[in-house]
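Below: the structure, in structure tokens.
Residue numbers (the UniProt record's numbering): 1 to 199.
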């Protein structure tokens, strides 16, 4: 994918070998929920985020400040967190987000939200928040292939984290460089990112 302008390169670039990176804080559109990735609730949330993001993009383009909409991102967890591997997919918790360039204001988002809600039949557009997303130190790796094959890659990432003297902090984070609604599973490119702290 083309690197979106106005964002730190580390946000949307990763190597196939694990690495430690510093992720900057950014503003984002975000929406949370519960359910499997194939569930109607998840699909509705994805559509709501993209609907608002592109409405905002076109408003900014009309004002001479166009930007490329960045990839969708997702944080995944369970309650309790350590039980994720044993948690049924329909009980997975998630937070989806699309980062926004600096300079976008809450007033602009509110105007775009109203316009998008009037045009699109998706009630969740009204639930999309505009919030600051905290960055920090993280480990990450690029996974190419189906989501179902992430397990061994995540294990390798976690082993790397321990070997570097860190421990896991926060939620499992994925950056979807490919549009998983249109891309064959074997060609999906996903950054697997895990916030860390010194062990």
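Every residue, glycine too, gets a C-beta built ideally from N, C-alpha and C.
| Query | Result |
| --- | --- |
| Proximity of residue 96 and residue 190 at Cβ, strictly below 8 Å | no |
| Length of the line joining the Cα atoms of residue 195 and residue 138 | 4 Å |
| Of the residues 199, 48 and 75, the one placed nearest residue 134, counting alpha carbons only | 75 |
| Residue 129: first and last residue of the uninterrupted beta strand (DSSP E) it sits in | 129–133 |
| Residue 78 versus residue 173 - alpha carbon distance | 13 Å |
| Local Cβ density within 10 Å of residue 160, reported as buried at 16 or more and exposed below that | buried |
| Rounded separation between residue 51 and residue 128 - CA only | 10 Å |
| Selection from 23, 143, 72 and 59 that minimises the alpha carbon distance to residue 115 | 59 |
| Contact set for residue 117: own chain, Cβ-Cβ below 7 Å, skip 5 residues either direction | 125 and 126 |
| The alpha helix (DSSP H) enclosing residue 165, as first and last residue numbers | That residue, residue 165, is in no alpha helix (DSSP H); it is neither H nor E in DSSP. |
| As assigned by DSSP and simplified to three states, the class of residue 200 | One cannot answer for residue 200 here, as it falls past the ends of the chain, which runs 1 to 199. |
| Own chain partners of residue 178 with C-beta closer than 6 Å, once the 5 adjacent residues on each side are dropped | 188 and 189 |
| Reference residue 146; option with closest CA among 111, 113, 167 and 183 | 183 |
| Buried or exposed by the 16-neighbour rule on C-beta atoms within 10 Å, applied to residue 26 | buried |
| Counterpart residues of residue 32 in DSSP-defined beta bridges | 95 |
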